[in-house]
Every structure is written in C-alpha cells, then in structure tokens.
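Taking it in order: structure first as structure tokens, then the write-up.
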Amino acid sequence: MPRALITGITGQDGLYLSELLLSKGYEVYGLMRGQNNPKRELLEQLVPDVHILTGDLTDLASLMRALAEARPDEFYNLGAISFVAYSWENAHLTTEVTGTGVLNALEAVRLHTLATGQDVRFYQASSSEMFGKVQTVPQNEDTLLWPRSPYGVAKVYGHYMTINFRESYGMHASSGVLFNHESPRRGPEFVTRKVSQAVARISLGLQDGLVLGNLEAQRDWGFAGDYVEAMWLMLQQDAADDYVISTGVTHTIRALLDAAFSTVGIDDWTGYVTQDPRFVRPAEVDLLVGDSTKARERLGWAPKVGFEELVRMMVESDLAEQRRISGRS
Ligand code: NDP
Ligand code: GDR
Numbered sequence: 024m025p026r027a028l029i030t031g032i033t034g035q036d037g038l039y040l041s042e043l044l045l046s047k048g049y050e051v052y053g054l055m056r057g058q059n060n061p062k063r064e065l066l067e068q069l070v071p072d073v074h075i076l077t078g079d080l081t082d083l084a085s086l087m088r089a090l091a092e093a094r095p096d097e098f099y100n101l102g103a104i105s106f107v108a109y110s111w112e113n114a115h116l117t118t119e120v121t122g123t124g125v126l127n128a129l130e131a132v133r134l135h136t137l138a139t140g141q142d143v144r145f146y147q148a149s150s151s152e153m154f155g156k157v158q159t160v161p162q163n164e165d166t167l168l169w170p171r172s173p174y175g176v177a178k179v180y181g182h183y184m185t186i187n188f189r190e191s192y193g194m195h196a197s198s199g200v201l202f203n204h205e206s207p208r209r210g211p212e213f214v215t216r217k218v219s220q221a222v223a224r225i226s227l228g229l230q231d232g233l234v235l236g237n238l239e240a241q242r243d244w245g246f247a248g249d250y251v252e253a254m255w256l257m258l259q260q261d262a263a264d265d266y267v268i269s270t271g272v273t274h275t276i277r278a279l280l281d282a283a284f285s286t287v288g289i290d291d292w293t294g295y296v297t298q299d300p301r302f303v304r305p306a307e308v309d310l311l312v313g314d315s316t317k318a319r320e321r322l323g324w325a326p327k328v329g330f331e332e333l334v335r336m337m338v339e340s341d342l343a344e345q346r347r348i349s350g351r352s
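For the sequence shown, the numbering used here assigns the number 24 to the initial residue and increments by one for each residue that follows.
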C-alpha cells in the first residue's frame, strides 16, 4: 500500500487530494497545525481515514517527526498562507510559511532519505501568481516569472528551491504551476466563493448586496477536483518536472457575476454589486491564462469541469447550505 504525507490537509486541495489518494488505496497522513485547529472536526468527518499529525511548516523538527511517523512514498506540500490580499499586510509571515516553509519541507525530506534510505517523491504547490505582470499570453513553463505580491514572490522562491533540490541532490521533486482552481470547499475569502455565497444569500433574501474590488481582472478558473489529479500524475512519472495546470480559458470577475447571478434567475446584477477600494490590491495581476500543452501531452491530463458548470456547482452548494442554516426555502 503506497503512503502519502500531505501538508495543508485542512485546505481545499488537501481535502480533495486525500479523497483521491484514499480511493487509490493509499495510506494517507495529513499535517495539521495549531493546538486546537477549528478545521479538525470537518476533516475527521469528511476523510476519517486520514491519519492526522501535528506540525508546522516553520518548524523543521515537526516536519522530520511527521516524516518519521508517516514514512511516505510521496510528500505533497500544499501548506501555505494562500490568500494573496493578506500577503501585503503580513509579508514577513507569508515569506516564512509560503517561501521558507518549502525549504524546510525539502530539507526534511532530504534528511529523512539520508537517515532511512527511503526515497520520497516531492510535490510543490506552485502558482500562476508567479507570472504576475504577465510577459506572454498564454503563460507556460517557459514564461518569465514576474510576481506582483509578497505571496507571489514567496511562491517563486519555493518554486526555484524545488528545482534546485532536484538538480543538486537528484531528488524526485516536481512543481505544479497551478492556475486558480475552485470548488464548494473554497475559502469564503476568495472571490468565487465570496460571490457564490452572496448570490445564494441574496436569492434567499438573507443579504442585500455584495461589495467587491476590481471587476476587470481576469482569471483562468478550473475545478479543484480535476487539479489534484494532476498533482498525483506528476509524482507517477519516472522523472520529476514542472507543469502548468490550467483550463486555457479566462474570464473577468464581471463574467463570474453574470454566471453566478444567472443561476438564481437574476440577469441584471448591477443593483446588487458595489465596489470598494478596500478590496482593490496594491498591484494587480490582470490577465492570467495558462497553456497546459505539456501536461496534456506528457501526463495525459485535461480538465473535465468547465467554467459555467463550476460556478453553477458552487452556487447550488451554497444555496443548499444557506437553506439548511436559515431554514428558508
Ligand atoms: P487553502 O488556503 O485552502 O489551504 C492552505 C493550507 O495550508 C491549510 O490547510 C492551512 O492550514 C495550511 N497552512 C497554513 N499555514 C501553515 C503552516 N504554517 N504550516 C502548515 N500548514 C499551514 O489553500 P488551497 O487548498 O486552495 O491551496 C493549496 C496550495 O496550493 C497552497 O499552497 C496554495 O498557495 C497553492 N495554490 C492554490 C491555488 C488555488 O487556486 N487554490 C492555485 C495555485 C496554488 P489551516 O487550515 O490551519 O489554516
Ligand atoms: P487570487 O484569488 O488572488 O487569484 O489567488 P482571489 O479569488 O482572491 O482573487 C481573484 C481576483 O479577484 C479580484 N477581486 C477580488 N478578490 C477577492 N478575494 N475579494 C474581492 O472582493 C474581490 N474583488 C475583486 C482580485 O483582485 C483578483 O484579481 C488564488 C489563491 O488561491 C492563491 O493561493 C493561488 O496561488 C492563486 O489563486 C492562483
């Protein structure tokens, strides 16, 4: 039975990836931080077969302990401070967790291999945010990186450190440059879930309106369930490498609003949405659209869920949740 250790187990991707690996017969270990993590209950409810270990990406010894206990064949480093807007206000902390945390994870795996002789394949959760002020459209594995946020800068560090460990120590370390991927499990601070939750509440008469920032930004949005499959595929290859994972189709926030409101029968949303500079970022990433030709040709990976279906899935899930919470139909 193959064994896997996942950091960021309580996040959106951690949940989908652990379900995928469990369905493939893996023994799955998840690293959870904090002495009383509020997400523990949900984790135990959704994936009761995951073995929970405590640890933190900023604490090398805790990672080494987790590795000694899990003895994984595969290590998926999904843990991060992942909210881009937050990273300007907490730049140093973001650097420590999202950037230096990757070095800690790589070092822990390297030292574990030296001590035990066990080879561990490593996955790093890199991001399209690294492309930032995009130098080509669409973006692929050769596009120059030009991050625009402390989060993006930290991810670039983790990305190059992963490549460096592969080249310096021959580690099977792959980096997935994933574009935005969403789901009903997306955190409510991210724009897709903020919109789907608000649209559900507005249609049930529980909320009057929605306040957003930049409506012109464009994102290449896919479904998280499809994207965790690409992570797993990367670690099944003979040689480690880097891959862009995306749908190749980009939409504005306005198009997201069109799709979400139309799900509840509202064609003109302008009366519900206002803009506030509070949600506008100091530097924006205007046009993200990925080219996943390499992943398609070498991994045989392609996204299954399209934009309209994804938005509908999220709004319908939030409608069901809001009906349950409020008792309204
Ligand atoms: P989430 O924000 O949902 O999850 C982040 C996870 O990291 C949580 O489990 C969180 O734990 C954990 N974490 C935070 N700080 C630490 C720490 N100090 N030590 C250990 N774990 C920590 O992110 P996603 O699931 O959406 O994303 C997974 C990874 O993929 C992240 O690295 C993200 O940056 C990256 N990524 C995501 C994309 C997306 O569109 N979703 C696109 C490209 C990259 P806790 O619950 O305790 O806060
Ligand atoms: P992003 O996701 O920054 O791309 O990072 P987010 O959903 O936060 O923002 C997407 C775009 O929407 C615009 N926007 C708003 N965003 C938020 N959160 N709230 C608002 O009110 C709002 N109004 C407009 C933003 O300006 C932006 O252009 C996500 C994270 O998962 C990262 O961890 C990951 O690396 C990248 O995707 C790829």
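Idealized CB from N, CA, C, for every residue including glycine. Predicted model only: the values in this text are computed from it and were never measured.
Residue i, DSSP secondary structure in three states
i    : result
D341 : helix
E239 : coil
Q162 : strand
E119 : helix
G144 : Correcting the residue type first, residue 144 is Arg in the shown sequence and not Gly. Strand.
I289 : coil
M24  : coil
T33  : coil
T353 : The displayed coordinates of the chain run from 24 to 352. Any statement about residue 353 would go beyond what the structure contains.
Q68  : helix
A108 : helix
M55  : strand
L310 : strand
V267 : strand
K124 : According to the sequence provided, residue 124 is Gly. The question's Lys does not apply to it. In the structure shown, G124 sits in a helix (DSSP, three-state: H, G or I).
S197 : strand
S150 : strand
V179 : helix
V334 : helix
Between the CA atoms of residue j and residue i - distance to the nearest angstrom
i    : j    : result
V303 : E332 : 27 Å
F188 : L129 : 7 Å
P161 : S349 : 43 Å
L227 : V287 : 10 Å
V334 : P326 : 15 Å
D79  : R301 : 31 Å
L280 : E339 : 14 Å
L235 : D299 : 6 Å
T297 : Q241 : 18 Å
A89  : S149 : 22 Å
S41  : Y146 : 14 Å
Q141 : G329 : 40 Å
V73  : Y295 : 42 Å
T215 : E205 : 7 Å
L43  : Q230 : 36 Å
G122 : Y180 : 6 Å
T337 : F246 : According to the sequence provided, residue 337 is Met. The question's Thr does not apply to it. Rounded to whole angstroms, M337 to F246 spans 10 Å at the Cα level.
D291 : L76  : 48 Å
V267 : V107 : 19 Å
S197 : I289 : 44 Å
G199 : D309 : 21 Å
K317 : I225 : 42 Å
Any non-hydrogen atom of ligand 3 closer than 7 Å to residue i Cβ
i   : result
T30 : Ligands in the displayed structure: ligand 1 and ligand 2; ligand 3 is not one of them.
Burial state of residue i, where buried means 16 or more other Cβ atoms lie within 10 Å
i    : result
Y39  : buried
Y192 : exposed
Q68  : exposed
M257 : buried
F284 : buried
S46  : exposed
L233 : buried
M24  : exposed
L353 : Any question about residue 353 goes unanswered here, given that the chain covers just 24 to 352.
D264 : buried
L322 : buried
L65  : exposed
L28  : buried
E152 : buried
T139 : exposed
L168 : buried
A262 : exposed
A93  : buried
A306 : exposed
Are there three or more Cβ pairs, one per stretch, closer than 8 Å when the region 261 to 276 is compared with the region 301 to 315? The region 261 to 276 is in contact with the region 301 to 315.
Do the region 202 to 220 and the region 327 to 345 touch if we need at least three Cβ pairs shorter than 8 Å? For the pair of segments examined, the region 202 to 220 was found to touch the region 327 to 345: the number of CB pairs separated by less than 8 Å reaches three.
Taking only runs of the alpha helix (DSSP H) that begin and end inside the region 71 to 104, which ones reach a length of at least 4 residues, in chain order? Whole alpha helix (DSSP H) segments, 4+ residues: 83 to 93.
Validate contact between the region 171 to 186 and the region 110 to 117 using beta carbons, cut 8 Å, 3 pairs: A contact exists between the region 171 to 186 and the region 110 to 117.
Are the region 33 to 48 and the region 208 to 215 in contact at 8 Å, needing three or more beta carbon pairs? In short, these stretches touch, since the Cβ pair count reaches three.
Would you call the region 123 to 140 and the region 94 to 101 touching, i.e. three or more CB-CB distances under 8 Å? Between the region 123 to 140 and the region 94 to 101 there are three or more C-beta pairs closer than 8 Å, enough to call the two in contact.
The region 77 to 91 / the region 55 to 66 touching (three or more Cβ pairs under 8 Å): Here the region 77 to 91 makes contact with the region 55 to 66; the two share three or more CB pairs at distances below 8 Å.
Which parts of the region 202 to 251 are runs of the beta strand (DSSP E), unbroken and 3 residues or longer, counting only runs that do not cross its ends? Inside the region 202 to 251, DSSP marks whole beta strand (DSSP E) runs of 3 or more residues at positions 233 to 235, from first to last along the chain.
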